[in-house]
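Each position in the sequence shown, counted from 1, maps to that position plus 568 in the numbering used here.
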Amino acid sequence: MESITKLIGVDITIHQADETTVVQHFTLEDGAVMLDPDVQEYFPNGEAVNQALRTLISLFPKNNESITPQSVE
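(1) Would you report the Cα separation of residue 580 and residue 627, rounded to the nearest angstrom?
(2) Mapping DSSP to helix, strand and coil, what is residue 617?
(3) Given a cut-off of 8 Å on the beta-carbon distance, is the pair residue 577 and residue 594 in contact?
(4) So what does residue 592 bridge to, in DSSP terms?
(5) Under 8 Å Cβ to Cβ from residue 623, same chain only, skipping five residues before and after it: list those, please.
Pasting the structure below:
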């Protein structure tokens with residue numbers, strides 16, 4: 569299960585030249601998502617992500633039913 573910190577933001581630890589450490593907490597704006605590093609390799613910016621998602625969405629049936637993943641056997 570994901571930790572609550574991962575769901576609402578991320579802590580960044582900064583090791584400074586004077587050997588002190590600063591921890592800063594960052595949260596995402598509404599609608600923002602965090603991509604895993606392996607996914608980021610394919611998408612240089614938000615426009616590329618949105619284009620890929622729009623292409624995927626265009627493959628879905630156009631009805632009001634939500635799409636649920638089907639199990640693979």
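Note that beta-carbon positions come from the ideal geometry of N, C-alpha and C, so glycine has one too.
According to the structure data:
(1) Taking the first residue of the sequence shown as 1, we reach residue 580 at position 12. Taking the first residue of the sequence shown as 1, we reach residue 627 at position 59. When rounded, the separation of the alpha-carbon atoms in residue 580 and residue 627 is 38 Å.
(2) Stepping through the sequence shown from its first residue, residue 617 is reached at position 49. In this structure, DSSP gives residue 617 a helical state, which the three-state scheme calls helix.
(3) Position 9 of the sequence shown, counting from 1, holds the residue named residue 577. Position 26 of the sequence shown, counting from 1, holds the residue named residue 594. Cβ atoms of residue 577 and residue 594: closer than 8 Å.
(4) Numbered from 1 along the sequence shown, position 24 holds the residue referred to as residue 592. According to DSSP, residue pairing for residue 592 in a beta bridge involves 580.
(5) As a working mapping, residue 623 is identified with position 55 in the sequence shown. Exclusion of the five residues before and after residue 623 leaves no residue of its chain whose Cβ lies closer than 8 Å to its Cβ.
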